[in-house]
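Taking it in order: structure first as C-alpha cells, then the write-up.
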Amino acid sequence: MKFAIVSDSHDHIPHLRTAIGKAREAGAKILFHCGDLISPFMIPVLAEFPGSVHLILGNNRGDPHLLEKQVARFENVHFHGEFAFLEVAGLAIAMVHYPDLARGFAATGDYDLVLCGHTHVYKVLKHGRATLINPGELLGKEGPPTLALYDTETGEVEKVTL
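Going by UniProt numbering, the residue at position 54 of the sequence shown is 54; the numbering climbs one at a time, nothing skipped.
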C-alpha cells in the first residue's frame, strides 16, 4: 500500500489539488497532512482525495472549531488535533507538526513511521525503528512544492516535486 504525505499547504488550493492528483496517480490509498492547512475552506479540497485523509494542526491554526465542523461533512477526512497516533497496514504511525517533537516520538522506539512538517524542507531520516518523514511544503515558499510517497511493502520513500 502507498501513503501520500503532505504538509504546510498554507491555503494554496492549486498546489493541494495538484498534490492530490499526484497521490492518486501513484496509487496512494491514504493521505496524511502534517499541519498548516489553515483555513476551513481547504477541507473540501482535501476531501477530493479518493481515500482516507488524516489531518493534524500546525502552528498556523486558522479556526480549529470551523475545521472540525467542515471535517464532519466528509466521511473520508479525519481531524486529529495536535497529534495523531494510528495503526495503519500494521504500522504504528505518529503525526506531529514539529520536527523536534517528531524526533522525540521516533526515539521512543514505539513507531514505525513518524510524520512531521513545519520547516518547509523535505527530509527523511532513519531513527532506530522509525522512519521520520518531513514531506517539505505544498506552499512553495522555500522552493518547489513537494510531497512524499511511502510504500508500506518496501519501506521506500519517494520525493515528488509538483
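The C-beta atom is built at its ideal place from N, Cα and C for all residues, glycine as well.
V121 and G140 have their alpha carbons spaced roughly 10 Å apart. Bounds of the alpha helix (DSSP H) holding E25 are 13–26. For the 9 Å CB-CB criterion, V53 and H78 form a contact. Here L138 is buried, its C-beta having at least 16 other C-beta atoms within 10 Å.
One alpha carbon belongs to H118, the other to S39, and they sit about 16 Å apart. Counting only unbroken stretches of 4 or more residues, the alpha helix (DSSP H) elements lying wholly within the UniProt domain "Calcineurin-like phosphoesterase" (1–154) are 13–26, 43–46, 64–71, 99–107, in sequence order. Nearest to T154 by alpha-carbon distance, out of A89, L162, P135, is A89.
In the displayed model, E156 falls within coil according to three-state DSSP, outside both helix and strand.
For D151, the closest C-alpha among the options H97, E82, G27 is that of G27.
Under the 10 Å beta carbon count, K2 is surrounded by 16 or more other beta carbons and is classified as buried. Inter-residue distance for G81 and G104 is about 18 Å (C-alpha atoms, whole angstroms).
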